[in-house]
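Q: Right, I'll just put the structure down here and ask away after.
In the numbering used here, the protein residues as written are 5 to 208.
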């Protein structure tokens, strides 16, 4: 099977590459050596550079303030971003595709109103917390638990290899609410660090 980009996707690819080669590639090696991990202020500075290209909100439906791009087009952006500077490409990809589609599709109207504009504007950095130390990314085997207490859930567990984890303001955390149901007993929770602080540490 031969898959080719359509004309709009080819233009998107060229525009992204031209911009990234001009604005990001010249600093990528220096930043990669200098920042382990990348500080939040530096990440925000670079993400704001990517904003005009549509990296943030690329796949989000227009009714929620996004561009509504198809996933092939988003793949073009992700590939070009990683080509220019892999670390930045991953940060942007998580900010866009791992969080906002979940909120757009499954969040309540209150959650959408509260978080989507902040993530789009980069007021909030987001992360996606699935992978665990002894489990990997196998959802049905997650050890993190969520136990309901009145109007709240108490989450307990440890996640690992979380892109944006150390700089995130808000996280979507996957936890087991009913271990007897395996993967069907897993739920996603929005954890706002300002309201429910969580701790992070960098892996050696």
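Beta carbons are placed, not taken as given, at the ideal position from N, Cα and C, and that holds for glycine. Predicted, not measured: the structure shown is a model, and the values here were computed from it.
Measure the Cβ-Cβ separation of residue 60 and residue 126 and say whether it is below 8 Å.
A: Here residue 60 corresponds to residue number 56 of the chain shown, with the count starting at 1. Here residue 126 corresponds to residue number 122 of the chain shown, with the count starting at 1. Closer than 8 Å, so yes.
Q: Which residue from 207, 66, 181, 129 puts its Cα closest to that of residue 197?
A: Here residue 197 refers to the residue found at position 193 when the chain shown is read from its first residue. Nearest C-alpha to residue 197 among 207, 66, 181, 129: 129.
Q: Measuring CB atoms only, is the region 79-96 touching the region 114-123, in the sense that at least three cross pairs come out at less than 8 Å?
A: no
Q: For the region 164-171 against the region 87-107, are there 3 or more C-beta pairs whose distance is under 8 Å?
A: yes
Q: Taking the alpha carbon of residue 80 as the reference point, which residue from 141, 172, 18 has its own alpha carbon closest?
A: The count along the chain shown starts at 1 and reaches residue 80 at position 76. Comparing Cα-Cα distances from residue 80 to each of 141, 172, 18, the minimum goes to 18.
Q: Closer than 6 Å by C-beta to residue 173: which residues in its own chain qualify, once you throw out the five before and the five after it? Chain order, please.
A: The count along the chain shown starts at 1 and reaches residue 173 at position 169. Around residue 173: 128, 129, 197.
Q: Is DSSP giving residue 46 helix, strand or coil here?
A: Start at 1 with the first residue of the chain shown, and residue 46 comes out as number 42. Residue 46 falls in the helix class under three-state DSSP.
Q: To the nearest angstrom, report how far apart residue 78 and residue 72 are at their CA atoms.
A: Taking the first residue of the chain shown as 1, we reach residue 78 at position 74. Taking the first residue of the chain shown as 1, we reach residue 72 at position 68. One C-alpha to the other measures close to 10 Å.
Q: Over the uninterrupted beta strand (DSSP E) stretch that includes residue 149, give me the two end residues.
A: Mapped onto the chain shown, residue 149 falls at position 145. Residue 149 -> beta strand (DSSP E) spans 149-153.
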